[in-house]
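Per full-length UniProt numbering, the sequence shown starts with residue 1, numbered consecutively.
Think of the CB as a built atom: it goes at the ideal place given N, C-alpha and C, for glycine as much as any other residue.
Fair warning: this is a prediction, and the values are worked out from it, not measured in the lab.
Below: the structure, in structure tokens.
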Amino acid sequence: MQSSFKIGNIMDIPIKLDTSFLLALPISAYFFAINSQPYGFAGVEPIIVKYALSTLSAIFLFVSVLLHELSHSYLAKRYGANIHSITLLLFGGVASMEIPQKPGQEAKIAFAGPLMSLVIGLICLFTYNYVISSNSALSQNPIYLIVWVIGSMNLVLGIFNLLPAFPMDGGRILRSVFARKMSYVKATHSAASIGKFFAVLMAIYGFYVGDIWFTLIALYIYGSASNEDRFYSELDRSV
Numbered sequence: 001m002q003s004s005f006k007i008g009n010i011m012d013i014p015i016k017l018d019t020s021f022l023l024a025l026p027i028s029a030y031f032f033a034i035n036s037q038p039y040g041f042a043g044v045e046p047i048i049v050k051y052a053l054s055t056l057s058a059i060f061l062f063v064s065v066l067l068h069e070l071s072h073s074y075l076a077k078r079y080g081a082n083i084h085s086i087t088l089l090l091f092g093g094v095a096s097m098e099i100p101q102k103p104g105q106e107a108k109i110a111f112a113g114p115l116m117s118l119v120i121g122l123i124c125l126f127t128y129n130y131v132i133s134s135n136s137a138l139s140q141n142p143i144y145l146i147v148w149v150i151g152s153m154n155l156v157l158g159i160f161n162l163l164p165a166f167p168m169d170g171g172r173i174l175r176s177v178f179a180r181k182m183s184y185v186k187a188t189h190s191a192a193s194i195g196k197f198f199a200v201l202m203a204i205y206g207f208y209v210g211d212i213w214f215t216l217i218a219l220y221i222y223g224s225a226s227n228e229d230r231f232y233s234e235l236d237r238s239v
């Protein structure tokens with residue numbers, strides 16, 4: 001059974017949906033429905049409007065995730081790297097590409113994604129605040145509520161991805177720093193170890209506050225860091 005399927009191409013890059021993404025939209029829509037502003041629409045009436053806004057926000061959020069991954073890919077292509085695909089998953093997205101030749105290039109490519117998220121977030125929030133300052137009656141307008149929520153979520157996405165928790169973008173930036181002083185395999189191992197440490201802290205926090213979603217993200221980061229560390233270690237031994 002295929003774990004992902006292609007839905008199209010952007011910039012000659014195959015765009016795929018992982019089967020786990022089929023859960024992502026309803027889970028994200030439910031998240032928006034039960035959380036209060038600026039992260040959701042709890043309290044919005046009638047209920048059909050609340051769930052319509054939540055569903056649209058979930059769709060726009062994953063469009064934002066796609067733009068985040070396209071930013072990585074665009075800069076990587078500028079540096080001559082081949083981009084194999086972009087896949088949207090339950091926990092976000094991943095751009096499958098060749099490793100850049102220079103550590104500095106990897107750092108810039110890794111930073112491009114969070115930068116896109118932060119720019120989207122700031123544009124959305126600036127637009128919302130500008131419009132509301134002109135006409136406060138529009139503060140509960142469905143369109144502007146979505147703009148506010150998506151802006152807030154993109155800021156969170158951008159900042160969260162800059163945490164030095166490999167294999168997130170901040171962790172890849174950290175690996176590029178390590179790679180200036182040591183081999184790529186050792187740099188990956190060091191960054192992955194720090195990433196797993198962050199993942200453990202996140203899991204403990206998620207368990208303490210009863211946030212199962214945060215705990216699952218922590219487990220995903222831990223597993224991904226372990227897999228990349230193992231992959232490069234085995235690749236090094238086979239050379």
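Query: Outcome for V49 when other beta-carbon atoms lying within 10 angstroms are tallied against a minimum of 16; Result: exposed
Query: Under the three-state DSSP convention, the category A81 falls into; Result: coil
Query: One or two residues paired with N9 in a DSSP bridge; Result: P14
Query: With 16 other Cβ atoms within 10 Å as the buried cut-off, status of M1; Result: With a pLDDT of 48 at M1, under the threshold of 50, the modelled position of that residue is not reliable, and the figure given next carries that caveat. M1 should be labelled exposed.
Query: Inside the UniProt domain "Peptidase M50" (137-201) only - alpha helix (DSSP H) runs reaching at least 4 residues; Result: 142-161, 169-178
Query: K108 versus A76 - alpha carbon distance; Result: 9 angstroms
Query: Per-residue DSSP class, three states only, for I86; Result: strand
Query: 7 angstroms Cβ cutoff met for P38 and S193; Result: no
Query: Beta-carbon spacing of F91, I217 below 7 angstroms; Result: yes
Query: Nearest neighbour of V149, chosen from F5, F41, E98 [CA to CA]; Result: F41
Query: Proximity winner among Q105, K16, H189, F214, relative to P167 (alpha-carbon distances); Result: H189
Query: Continuous beta strand (DSSP E) stretch holding S94: start and end; Result: Note on residue identity: the sequence assigns Val, not Ser, to residue 94. Note, V94: beta strand (DSSP E), 92-97.
Query: Status (buried if at least 16 other CB within 10 Å, exposed otherwise) for K16; Result: buried
Query: Nonlocal neighbours in the same chain, by C-beta distance under 7 angstroms from E228, ignoring five residues either side; Result: P167, T188, A192
Query: S57, DSSP secondary structure in three states; Result: helix
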